[in-house]
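Student: Sequential numbering from 1071 applies to the sequence shown in my numbering.
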Amino acid sequence: MKKVLFLIFFGITFCEAQISDFETIDFNLADNIAKLHKGASLKDMGKLVYNLTHKLSTDIEKFRAIHTWVCQNITGDYSQHTRALNKRRRLKDNNKAFLIWNEKYKKRAFKKLIKRKRTMCTGYAYIIRELCFLAGIEAKIIDGYARTAESNIQSLDFANHSWNAIKLNNKWYLCDATWAAGYLDENAMFIEDYNEGYFLADPLLFSKNHIPIKRKWLLNNELIKSEFNAGPIIYGEAFTHNATPIFPENLKVEAQKGSALEFILKANDINTKKISLLHTFRKGERKLEIENITYKNGYLSFSHNFKHIGYYDVHIQIENDIVASYTIHVTKAYSQVLP
């Protein structure tokens, strides 16, 4: 059910591109080289890139070494991130003033990145692009909007995130080194927790929580902004399992009491016994009974029959990982509300 859309930009074919294109490549050497140079300085990026790539023969391996090194050596800086977003909010009606401030701020932020290896998303995207350039690999910084459980934006007033597009074998691929590197805990401390799912991510899954300002960087996805805003919350664990929620399409779902609500995931080689539906509430959580589990042609479907009216916070879980969340409003069946 692979949908391919051919659009030509700059002579490049944009089509569905993801890590599975390189399933025959062994990344162990690239990863080990990156680990060998853990702690290396950014002050001589040319030397760093040479050390990371000169023993590797293909661009994909060279990029893997660069990406792994960045994720293992750059620390997320919450203060930079919030300072830029707060300034953007304050100057939302004065774009010129924000751009002037931002240019000055980026210079200070990049100096901090080179010296202390601390940055925000723009810095991750910047260093990926610069190291790729020195390795002879074309990379672009993509600005856009990101949704998380903590940042469930309801409108796309201004861009709040940056990531990269990488050209390999004349095809463009998407990656997000910021989210691949780790996350900020409840105390705004950066926790290193590498998530390989953001490395050459599935464009369809990527679009569930990333939407670029320039639509061409969706890479073969016709998502529109309203769908992005209304969609379910997608977590990093969805990328770990390469599981894309397909249905329901929206975060807020209406269901009828006594009727089965279907859930559909696009996933490869998934164990149906490891799928569960979790209901969380003020006093705790419980697993909901799921029925009609089927897995066919890369799509897994199952359903649950809600027996009581009310609101439910429901989460699709793979093993012990929550991959997507919905808010479900269960009402009486139409026939039951007739006078």
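For every residue, glycine included, the Cβ atom is placed at its ideal position computed from N, Cα and C.
#1: DSSP has residue 1355 in a bridge; who is on the other side?
#2: When we look at the beta-carbon of residue 1125 and count the other beta-carbons within 10 Å, is it buried (16 or more) or exposed?
#3: Using a 10 Å radius around the Cβ and a threshold of 16 neighbouring Cβ atoms, would you call residue 1094 buried or exposed?
#4: Could you compute how far the alpha carbon of residue 1246 sits from the alpha carbon of residue 1101?
#5: Is the beta carbon of residue 1135 sitting closer than 8 angstroms to the one on residue 1242?
#6: Taking just the CA atoms, how far does residue 1285 sit from residue 1320?
#7: With burial defined as no fewer than 16 other Cβ atoms inside 10 Å of the residue's Cβ, what is the status of residue 1259: buried or exposed?
#8: Apart from the five residues just before and just after residue 1053, which ones in its own chain have a Cβ nearer than 6 angstroms to its Cβ?
#9: If you check the beta carbons only, do residue 1315 and residue 1394 fall under 8 angstroms apart?
#10: Using a threshold of 8 angstroms, state whether the C-beta atoms of residue 1144 and residue 1105 are closer than that.
#11: Using the Cα positions of residue 1164 and residue 1229, report the straight-line distance between them to the nearest angstrom.
#12: Which residue's Cα is closest to the Cα of residue 1387: 1323, 1201, 1313, 1402?
#13: Quick one: grab the DSSP three-state call for residue 1071.
#14: Pull up the distance between the alpha-carbon of residue 1219 and that of residue 1359, whole angstroms please.
#15: Mark residue 1217 as exposed unless 16 or more other C-beta atoms lie within 10 angstroms of its C-beta, in which case mark it buried.
#16: Given this structure, state the Cα-to-Cα distance separating residue 1232 from residue 1121, to the nearest angstrom.
#17: Could you check the C-alpha separation between residue 1384 and residue 1347 for me, to the nearest Å?
#18: May I ask you to report which of helix, strand or coil DSSP gives residue 1118?
#19: From the DSSP output, in three-state form, read off residue 1137 for me.
#20: Excluding the five sequence neighbours on either side, which residues of its own chain have a C-beta within less than 8 angstroms of the C-beta of residue 1254, listed in chain order?
#21: Thinking just about the alpha-carbon of each residue, which of 1142, 1367, 1403 is nearest to the one in residue 1109?
#22: For residue 1328 and residue 1390, which I take to be in contact (beta-carbon distance under 8 angstroms), what is that distance rounded to the nearest angstrom?
#23: What is the residue span of the beta strand (DSSP E) that residue 1214 lies within?
#24: Excluding sequence positions up to five away, which residues of its chain have a Cβ less than 8 angstroms from the Cβ of residue 1308?
#25: For residue 1113, collect the residues of the same chain with a Cβ closer than 7 angstroms to its Cβ; drop the 5 residues on either side in sequence, then sort them by chain order.
#26: Span of the alpha helix (DSSP H) holding residue 1394?
#27: Less than 8 angstroms between the CB atoms is what I'm expecting for residue 1333 and residue 1373, so what's the real figure, rounded?
#28: Taking the straight line between their C-alpha atoms, what separation do you get for residue 1323 and residue 1235?
#29: Using a threshold of 8 angstroms, state whether the C-beta atoms of residue 1270 and residue 1089 are closer than that.
#30: Report the CB separation of residue 1197 from residue 1140 in whole angstroms; it is logged as a contact under 8 angstroms.
#31: Report yes if the C-beta distance between residue 1238 and residue 1096 is below 8 angstroms; otherwise report no.
Tutor: Short version:
#1: Answer is 1350.
#2: Residue 1125 comes out exposed.
#3: Counting of Cβ neighbours within 10 angstroms places residue 1094 among the exposed residues, the total staying below 16.
#4: Approximately 17 angstroms between the Cα atoms of the pair.
#5: No, they are not a contact pair.
#6: When rounded, the distance between both Cα atoms is 21 angstroms.
#7: Residue 1259 is exposed by the Cβ-count criterion.
#8: Not covered by the structure: residue 1053. The range shown for the chain is 1071 to 1409.
#9: Taking 8 angstroms as the cut-off, the beta carbon of residue 1315 is found closer than this to the beta carbon of residue 1394.
#10: With respect to the 8 angstroms criterion, residue 1144 and residue 1105 are not classified as neighbours on the basis of their beta carbons.
#11: When rounded, the separation of the alpha-carbon atoms in residue 1164 and residue 1229 is 15 angstroms.
#12: If we check each option's Cα against that of residue 1387, 1313 comes out closest.
#13: For residue 1071, the predicted structure reports a pLDDT of 30, less than 50, and the residue's modelled location is therefore unreliable. A value from the coordinates is still provided. DSSP places residue 1071 in coil when its eight states are reduced to three.
#14: If you take the alpha carbons of residue 1219 and residue 1359, they lie about 25 angstroms apart.
#15: Burial call: buried.
#16: Taking the straight line from one Cα to the other gives about 27 angstroms.
#17: If you take the alpha carbons of residue 1384 and residue 1347, they lie about 7 angstroms apart.
#18: Note: residue 1118 maps to helix in three-state DSSP.
#19: Residue 1137 falls in the helix class under three-state DSSP.
#20: Cβ contact annotation for residue 1254 (same chain, cutoff 8 angstroms, sequence separation greater than five): 1146, 1148, 1260, 1261, in chain order.
#21: Here the closest residue by C-alpha is 1142.
#22: The beta-carbon distance between residue 1328 and residue 1390, rounded to whole angstroms, is 30 angstroms. This is too long to meet the 8 angstroms contact definition.
#23: Taken as a continuous stretch (DSSP letters only), the beta strand (DSSP E) holding residue 1214 covers 1209-1216.
#24: Same-chain partners within the cutoff: 1267, 1275, 1278, 1314, 1315, 1393, 1394.
#25: Around residue 1113: 1184.
#26: Membership of residue 1394 in any alpha helix (DSSP H) is not indicated; the residue belongs instead to the beta strand (DSSP E) covering 1391-1401.
#27: The pair is a contact, with the Cβ atoms about 7 angstroms apart (cut-off 8 angstroms).
#28: Straight-line Cα distance between these residues: approximately 33 angstroms.
#29: Yes.
#30: About 6 angstroms separates the two Cβ atoms, so the contact holds.
#31: Not a contact, by the Cβ cut-off of 8 angstroms.
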